[in-house]
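**Q** Pasting in a structure now, in structure tokens, and then I'll have a few things to ask.
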Amino acid sequence: MDSLFSVETTIEKRDYRKCMYSYAFILTKFKLYLIIAPILASVVINYILETDSIKYFIFNVIVVFILIVIAVSLKLEYQINRLIKTDKFWNATRKLDFYKDYLIKSISVIEGYSKIKYEQYYKVIEMKEYFLCFYNIQLVLIIRKKDMESETCDKLRDIFKEEMGKKYRKINI
Numbered sequence: 002m003d004s005l006f007s008v009e010t011t012i013e014k015r016d017y018r019k020c021m022y023s024y025a026f027i028l029t030k031f032k033l034y035l036i037i038a039p040i041l042a043s044v045v046i047n048y049i050l051e052t053d054s055i056k057y058f059i060f061n062v063i064v065v066f067i068l069i070v071i072a073v074s075l076k077l078e079y080q081i082n083r084l085i086k087t088d089k090f091w092n093a094t095r096k097l098d099f100y101k102d103y104l105i106k107s108i109s110v111i112e113g114y115s116k117i118k119y120e121q122y123y124k125v126i127e128m129k130e131y132f133l134c135f136y137n138i139q140l141v142l143i144i145r146k147k148d149m150e151s152e153t154c155d156k157l158r159d160i161f162k163e164e165m166g167k168k169y170r171k172i173n174i
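Have a look at this one:
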């Protein structure tokens with residue numbers, strides 16, 4: 002059976018970094034904690050210091066917010082750098098052959114391929130520059146849109162909408 006279309010893509014460090022930060026700060030429920038945690042921490046700090054100053058409360062919210070963002074960013078950078086050091090497939094060409102019910106992924110530096118049915122994906126998120134196809138909460142296939150013609154991108158979007166249903170989501174970031 003012939004594929005509907007094929008895409009050859011290469012993932013660079015910049016792509017992975019951008020996807021990780023987008024997912025961590027925008028696509029998860031973490032943004033809710035990013036708002037609630039500094040407020041709760043400031044309430045506790047004001048209670049411990051026995052002050053009811055609004056200026057001090059707002060200052061604490063801002064400081065705790067900044068500390069959380071720095072801590073999460075450092076953790077993300079650690080994970081990204083660890084992955085970059087251990088992954089031998091950076092800049093390797095990935096060939097993706099799309100069929101009606103599944104896709105076949107092969108990587109230029111290894112022999113063999115992976116066949117994945119669309120229904121097996123945890124979820125698919127479309128961003129301005131990427132399609133993120135999640136195998137599970139931590140493992141993702143990144144497909145760069147700049148490696149596709151616009152009609153191919155439209156076909157892929159249609160496949161994901163049809164096959165994924167509610168597991169497909171488009172966001173404008």
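So for the sequence shown, my numbering puts the first residue at 2; every next one is plus one. In this text, a Cβ means the ideal position worked out from N, Cα and C, and glycines have one as well.
1) To the nearest angstrom, report how far apart Tyr-48 and Phe-161 are at their CA atoms.
2) I need the DSSP call for Val-73, collapsed to helix, strand or coil.
3) List the DSSP bridge partners of Ser-107.
4) For the beta strand (DSSP E) holding Thr-11, just list the boundary residues, first then last.
5) First and last residue of the alpha helix (DSSP H) that includes Gln-163?
6) Give the secondary structure of Lys-19 by DSSP, where H, G and I count as helix, E and B as strand, and everything else as coil.
7) Measuring only from the beta carbon, is Glu-150 closer than 7 Å to any heavy atom that is part of the ligand SAM?
8) For Lys-147, report the span of its beta strand (DSSP E) as first-last.
**A** Taking the definition as stated:
1) On the sequence shown, position 47 is the one that residue 48 refers to. On the sequence shown, position 160 is the one that residue 161 refers to. Using only the alpha carbons, I get a separation of about 51 Å.
2) Within the sequence shown, numbered from 1, the residue matching residue 73 stands at position 72. It is helical.
3) Locating residue 107 in the sequence shown gives position 106, where the first residue counts as 1. Beta bridge pairing from DSSP links Ser-107 with Lys-96.
4) By 1-based counting over the sequence shown, the position of residue 11 is 10. Where Thr-11 is concerned, the enclosing beta strand (DSSP E) stretches over 6 to 11.
5) Counting from one through the sequence shown, the residue named residue 163 turns up at place 162. Note on residue identity: the sequence assigns Glu, not Gln, to residue 163. Residue range 151 to 165 is occupied by the alpha helix (DSSP H) that includes Glu-163.
6) The residue you call residue 19 lines up with position 18 of the sequence shown. In the three-state reduction of the DSSP assignment, Lys-19 falls in the helix class.
7) The ligand content of the structure shown is nil, which means the ligand SAM is not present either.
8) For the purposes of this step, residue 147 is taken as the residue at position 146 of the sequence shown. Lys-147: not part of any beta strand (DSSP E); DSSP gives it neither H nor E.
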